[in-house]
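Right, one structure below, let's go through it.
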DNA sequence: TCGTAAATTGTAACTATTACAAAATAGATA
DNA sequence: TATCTATTTTGTAATAGTTACAATTTACGA
Ligand SMILES: [Mn+2]
Ligand SMILES: [Mn+2]
Ligand SMILES: [Zn+2]
Ligand SMILES: [Zn+2]
């Protein structure tokens, strides 16, 4: 808990129970949840919680680079991540789990003959995850 | 126009003026437009057009791999592309133009030590485009 | 402890998309 | 060519995710 207080103070953001709940939830549940998933999870123990508070705080924390937001190709909801350092995501087409992939900015060198200035890259990998592959193996036996 | 008729017939889809309009618009305007942009553009000459028709046809054409859909990191609307072969996109943070980038599935080899089976990759590059860079240069003179 | 700027809340509005059912039509068949 | 019917188009209503707003509450510096 002290960790989240420090983080918020470092960015001159007020310490509120709601903010601590959001950070703690994202830190302890590395599932890349949507705003609604965060809301529902925290609301169980804090029934007075408003969804607007989730959106407000998500916004301010993304702006302060305390958390990261991203969106999947085929999904219409934003997802959030406690991990802010550069990494990409792998989504399983069977169980829809989202895994972190520690790979950095791909193929910048291939950009040589484009005259654009690349500053950011965003990417998702999609396929079947280790767990689902193993489940299949067991079934086939 | 004959080209689009062939394409539709190849997929056993009925030839309708609306479908021809959509294909023609996407082919002749490689701007990666949203559903609404396609709708507004075609509606000028075909005022009876319904937005549902746009969505219906976009769906069926994406499913038949006649066009491609994708979504940008920070945008909440789907965008559409006449080009269906593998390529990625570069978006300019100044003018918001979306350019095609002919680069193929990045960094598959780096996936070695993940036990997931990668099937697809989706990615966007972001930065400042050639045009905007040149504009800036002129200004600075 | 108090005062105030900032945060929280509930509600309403908004945007992109999807669902649905009635009317129109493409294209196969006689 | 005329007819038939499955498919397509249309308009409207519903939905999902998010944002705007204003009243109430709270964090925290003085
Ligand atoms: Mn992540
Ligand atoms: Mn493209
Ligand atoms: Zn899986
Ligand atoms: Zn530009």
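Residue numbers (this note's numbering), protein chains in the order written: chain U, 1 to 141; chain Z, 142 to 282. Cβ atoms here follow ideal geometry from the backbone N, Cα and C, with glycine treated the same way. Here the structure is a predicted model, which is why all the values come from computation and not from measurement.
Can you pull the DSSP bridge partners for residue i?
i             : result
residue 78/U  : 71/U
residue 3/U   : Bridge partners of residue 3/U: none, in fact.
residue 232/Z : 239/Z and 267/Z
residue 120/U : 267/Z
residue 175/Z : 220/Z
Short of 8 Å in beta carbon distance, which residues of its chain neighbour residue i, apart from the five on each side in sequence? Order them along the chain.
i             : result
residue 131/U : 92, 95 and 97
residue 165/Z : 142 and 145
residue 175/Z : 218, 219, 220 and 221
residue 187/Z : 158, 159 and 162
residue 279/Z : none
residue 9/U   : 15
residue 316/Z : Look at the range of chain Z in this structure, 142 to 282, and you will see that residue 316/Z is not part of it.
residue 270/Z : 231, 233, 235, 236, 238 and 240
Can you find a heavy atom of ligand 2 that lies under 7 Å from the Cβ of residue i?
i             : result
residue 313/Z : There is simply no residue 313/Z to check, as chain Z begins at 142 and stops at 282 in what is shown.
residue 228/Z : yes
residue 116/U : no
residue 152/Z : no
residue 32/U  : no
Is any heavy atom in ligand 4 found nearer than 7 Å to the beta carbon of residue i?
i             : result
residue 242/Z : no
residue 238/Z : yes
residue 129/U : no
Ignore the nearest five residues each way along the sequence and tell me which others in residue i's own chain have a CB closer than 6 Å to its CB.
i             : result
residue 49/U  : 42 and 43
residue 141/U : Bear in mind that a pLDDT of 49 at residue 141/U, under 50, signals an unreliable position, so the number given afterwards is only what the model happens to contain. So no residue of the chain qualifies.
residue 240/Z : 231
residue 224/Z : none
residue 30/U  : none
residue 194/Z : 159
residue 68/U  : 81 and 84
residue 173/Z : 220, 222 and 239
residue 134/U : none
residue 203/Z : 210
residue 11/U  : 64
residue 136/U : none
For ligand 1, is there any heavy atom lying closer than 7 Å to the beta carbon of residue i?
i            : result
residue 83/U : yes
Assuming residue i contacts residue j under a Cβ cut-off of 8 Å, what Cβ separation, rounded to an integer in Å, is found between them?
i             : j             : result
residue 123/U : residue 268/Z : Between residue 268/Z and residue 123/U the Cβ distance is about 15 Å, and since that is not below 8 Å, they are no contact.
residue 13/U  : residue 60/U  : 7 Å
residue 70/U  : residue 214/Z : 7 Å
Is residue i a contact residue of ligand 3, with contact defined as CB to any heavy atom under 7 Å?
i             : result
residue 136/U : no
residue 94/U  : yes
residue 132/U : yes
Below 7 Å CB to CB, which residues in the same chain sit around residue i once its five sequence neighbours on both sides are set aside?
i             : result
residue 242/Z : 228, 229, 230, 231 and 266
residue 65/U  : 84
residue 147/Z : none
residue 51/U  : 39
When every heavy atom of ligand 6 is checked, does at least one fall within less than 7 Å of the C-beta of residue i?
i            : result
residue 53/U : Absent from the structure shown: ligand 6. Ligands present: ligand 1, ligand 2, ligand 3 and ligand 4.
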